[in-house]
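Trainee:
In my numbering, the protein residues as written are 5 to 249.
1) Can residue 48 and residue 69 be called in contact, C-beta distance under 7 Å?
2) Identify the residues that DSSP records as bridge partners of residue 67: which are they?
3) Helix, strand or coil for residue 172, going by three-state DSSP, please let me know.
4) Judging by CA-CA distance, which residue of 150, 187, 186 and 225 is the nearest neighbour of residue 203?
5) If residue 94 and residue 65 are in contact, beta carbons under 8 Å, what's the gap, nearest whole angstrom?
6) What three-state label does DSSP hand residue 22 in the structure shown?
7) Could you tell me if residue 10 is buried or exposed, where buried requires 16 or more neighbouring beta carbons within 10 angstroms of its beta carbon?
8) What's the gap between the Cα of residue 132 and the Cα of residue 63?
9) List the residues that DSSP assigns as beta-bridge partners of residue 17.
10) Between residue 162 and residue 183, is the Cβ-Cβ spacing less than 7 Å?
11) Alpha carbon to alpha carbon, how far is residue 102 from residue 229?
12) Could you name the residues of the same chain whose beta carbon sits closer than 6 Å to that of residue 191, not counting the 5 residues immediately before and after it, in chain order?
13) Of the choices 86, 186, 153 and 125, whose alpha-carbon is the least far from that of residue 109?
14) How many angstroms separate the CA atom of residue 198 from the CA atom of residue 210?
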């Protein structure tokens, strides 16, 4: 058996140990199980008896613990072999193991976890072990940001994808996690803040302004207490370019 896929189902519990004995596997996938009805759990299993397993997709489950050092220990590889490892959106911790350095052409997705670093000197430019071909060559362009945004930074995908999509500072921090895909400080707006804006709008006669962009949702209020947070769910306050004359 060379291909096993149980992706996008409602499977639960740990993966069976018998998978370790399927030595001819080339592709294994149990990604994106239904989080509402269950997902695979337990420590991330080892695939240390699979010399041909070039594609493995375990994304979107609830695997815990660290990535084993010998996760793909027996996998044979040459400079031209493309290896794909999908582990995003689990509950993994620790570091990306230094043992992955044996792969010259690796597509690795560990975003959406609680990864805290890279093993050894993996991202040291002076390291003689070249990973510039990782992530389709993006590591050569963007360094290890192409794998995971550093702690305290984020993008929608958790990594730098292009010159235009760089890891951005998250003022609220990311709790020591790398590869963050959102930043609370960019989205949090409280009812108290909205009421302060409503008071400002009414005090300055906002309803009589000849021009007023971004304030349309307040045009019908008579009392600052009338403004509610759900009203501003779609556009928020941070993104508005408030102007008034």
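For every residue, glycine included, the Cβ atom is placed at its ideal position computed from N, Cα and C.
Bear in mind the structure is a predicted one, so any value in this text is a computation, not a measurement.
Mentor: Let's see:
1) yes
2) 46
3) strand
4) 225
5) 6 Å
6) helix
7) exposed
8) Bear in mind that a pLDDT of 48 at residue 132, under 50, signals an unreliable position, so the model cannot answer this.
9) Beta-bridge analysis with DSSP links residue 17 to 44.
10) yes
11) Just so you know, the alpha carbons of residue 102 and residue 229 end up roughly 56 Å apart.
12) In this predicted model, residue 191 has a pLDDT of only 47, less than 50, meaning its place in the structure is not dependable; the value taken from the coordinates is given anyway. Result list for residue 191: empty, nothing under 6 Å.
13) 86
14) Distance between the alpha carbons of residue 198 and residue 210: 15 Å.
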